[in-house]
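> Mind looking over this structure? Questions follow.
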């Protein structure tokens, strides 16, 4: 039997795939050649997880990969209705991003509590100005999204003494259901968005929800830009409904140079990098090789995405 | 018996002392009147802990307060040889600053790991530039100073998954002695100075010790400026012996406008505020009232400073 064809959608060199030499016929595609090559591939590795080309190129009927893996936590960039309806298995990079993102959220929460952006601004003016800052221990966080990333965020915030509630799609032990959301938002010092974009979450942070939050609250988005109605967030910060926000994800990325978010006082903008720590590409490469070994030997894959829900169902 | 005279060295209004009305004759002094009033006071409360007036005004012989309390963790601003040699008891504000300082250190460690100062600088230029940042879990910290503040810092860093060694004046279970310091410094990603200024610690962070550290290491000082040879630190950062520093304390405060530290790339300067969270003045006032109640009823005081060592001996 010839080795299976592994098609890689890539925009840059891949680490670690050398270990598959001889065990797979590795081909590469870019956005323009993807549609022509997809029917001949057994496996598709979406290494360029910023590309939405899979949605456009996925074959409606006929030959197609039996397995698609994306080197990302989110799957919204590839899940078109035809792929969702097919018997092709989709897996994601669960396990790589949780810890880094949790640290990023903790860092931003502490930076806000300790007024670090203003400390840096005063330093540029060589101004010595003592201020009283906030403790984080004893404050309250509400983390929206109870998948691996939300749970990791909650664990790290709790380690800092922050009373943290987790909100998921349905109530279960340790997780609140959507029915508790508004009450939790109204008492939270820190609101963290860590959910995938689904029908239930798209646009959930709108004017009404920002209006429920405390004027002292900060909003942190490490989920997806689509969770937020951006104009409502701009208004909420500008009119002091909330104290500020740290945004790592946006409806359109890169964030447009003329976006008002760049200069909104109290808002920290970062370029979708909260999960990307030194070595992450190696880790993503190794993770795919391990999954390939399961697949090639006929064993069940892990990190299998529920294509209807749009994420890996978990605990 | 008339109520004891409580002399307060203050530069601003004091909270919570109203609870002592009728139980103490409360008098106030400023730096110029302190010397004349000290001989008539039973208790001295050093509320203005930025003042060094007690060192100058302390009576050599003759009547003097039996108890001095300072609303600070450090006692270096008041411990003159005459006070150290006398039978006057000195107490400090142990218990108020540990948690806030530990959070501050964690915040700066995460800010460095996540490259937050650069994120804020890029944001000012509306520049979207993805970078890979560092995980803190699995890195190594060396905390110098095994008093309550050092221990609290170590606890918080460990909660973030950082392997943390504590270095004190002598080796004991859970704490390294000075003989391990250079080895620990040479492997640390984060070096935290949280010691009081004593004969053993003054100037301990000199060119040799910065030379031992890794080029990727960051130095955080929440102890006292005197622990550091400032010119050596400037050179170490400028010549990339270490990656950067967060400094909350300085040999001379406020930091002079012409100090090179203000503009040194990789250095964060803050105005001696790491321990000062909202409500801290109330907390310091309540703590003194509690100590006063012990003292007035003849019970043993807590937070008693070993005047020879310059700190409250502990675990």
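Residue numbers (UniProt numbering), protein chains in the order written: chain W, 1 to 315; chain P, 1 to 315.
Virtual Cβ for every residue (Gly too), placed ideally from N, Cα, C.
Being a predicted model, the structure only gives us computed values, none of them experimental.
By the three-class DSSP mapping on this structure, what secondary structure does residue 261(P) have?
helix
> Could you list which residues in chain W have their beta carbon closer than 9 Å to that of residue 268(P), in chain order?
116, 119, 120 and 123
> Anything in the segment 86 to 112 of chain W with a Cβ closer than 7 Å to a Cβ of chain P? List those residues in chain order, please.
Hits within the stretch, in order: 99, 100, 103, 104, 106, 107, 110 and 111.
> Specify the secondary structure class of residue 67(W) as computed by DSSP and reduced to three states.
Three-state result, residue 67(W): strand.
> Pull out every residue of the segment 269 to 286 of chain P whose Cβ sits closer than 9 Å to any Cβ of chain W, in chain order.
269, 270, 271, 272, 273, 274, 276, 277, 278, 279, 280 and 281
> Quick one, are the C-beta atoms of residue 160(P) and residue 106(P) less than 8 Å apart?
Yes, the pair counts as a contact, with Cβ atoms nearer than the cut-off.
> When DSSP labels each residue in this structure, what does residue 210(W) get in the three-state scheme?
Here DSSP, grouped into helix, strand and coil, assigns residue 210(W) to helix.
> Listed from N- to C-terminal order along the chain, which residues in the segment 129 to 142 of chain W have their beta-carbon within a distance smaller than 7 Å of any beta-carbon of chain P?
Only 129, 130, 131, 132, 133, 134, 135, 136 and 137 from the segment 129 to 142 of chain W bring a Cβ to less than 7 Å from some Cβ of chain P.
> Quick one: what does DSSP say residue 205(P) is sitting in, helix, strand or coil?
strand
> Where does residue 176(W) fall in DSSP's three states?
strand
> Can a CB atom of chain W be found closer than 8 Å to the CB of residue 160(P)?
yes
> To the nearest angstrom, how far is it from the Cα of residue 115(P) to the Cα of residue 133(P)?
7 Å
> So which residues on chain P does residue 262(W) lean against when the C-beta distance must stay under 7 Å?
123 and 126
> Given that a residue counts as buried once 16 or more other Cβ atoms are within 10 Å of its Cβ, and exposed if not, what is residue 32(W)?
Flag for residue 32(W) reads exposed.
> Would you kindly work out how many angstroms separate the C-alpha atoms of residue 222(W) and residue 274(W), rounded to a whole number?
7 Å
> Residue 196(P) and residue 311(P) look like a contact to me (Cβ under 8 Å); what is the Cβ gap, rounded to whole Å?
5 Å
> Give a yes or no on whether 8 Å exceeds the smallest Cβ distance from residue 197(W) to chain P.
no
> Just mark residue 72(P) as buried or exposed, buried being the case when its beta carbon has 16 or more other beta carbons within 10 Å.
buried
> Could you spell out the range, first to last residue, of the alpha helix (DSSP H) harbouring residue 84(P)?
81 to 85
> Expressed to the nearest angstrom, what Euclidean distance is found between the alpha-carbon atoms of residue 48(P) and residue 38(P)?
Approximately 15 Å, taken between the alpha carbons.
> Looking at the unbroken alpha helix (DSSP H) that takes in residue 107(P), where does it start and where does it end?
98 to 113
> Looking only at C-alpha atoms, which of 173(P), 241(P), 45(P) and 205(P) sits nearest to residue 291(P)?
Residue 45(P) is the option with its Cα nearest to residue 291(P).
> Does the separation of the CB atoms of residue 8(P) and residue 305(P) fall below 8 Å?
no
> Going along chain P, which residues have a C-beta under 9 Å from residue 255(W)?
126 and 128
> Can you tell me which residues form a DSSP beta bridge with residue 244(P)?
218(P)
> By the DSSP assignment, the beta strand (DSSP E) with residue 230(W) in it spans what residues?
No beta strand (DSSP E) holds residue 230(W); the alpha helix (DSSP H) holding it covers 230 to 238.
> For residue 61(W), count neighbouring C-beta atoms within 10 Å of its own C-beta (all shown protein chains included) and say buried if the count is 16 or more, exposed if not.
exposed
> Only counting the same chain, and skipping five residues up and downstream in sequence, which positions put a Cβ closer than 7 Å to that of residue 99(W)?
Here the set comprises 152.
> Please list, in chain order, all residues of the same chain as residue 86(P) whose beta carbon is under 6 Å from its beta carbon, the five residues on each side excluded.
none
> For residue 224(P), count neighbouring C-beta atoms within 10 Å of its own C-beta (all shown protein chains included) and say buried if the count is 16 or more, exposed if not.
buried
> Is it true that the CB of residue 84(W) sits closer than 8 Å to the CB of residue 299(W)?
Taking 8 Å as the cut-off, the beta carbon of residue 299(W) is found no closer than this to the beta carbon of residue 84(W).
> Kindly identify the DSSP beta-bridge partner or partners of residue 302(P).
BP columns for residue 302(P) are empty, so no partner.
> Buried or exposed: residue 216(W), going by 16 or more other Cβ atoms within 10 Å of its Cβ?
With fewer than 16 neighbouring CB atoms inside 10 Å of its own CB, residue 216(W) falls in the exposed class.
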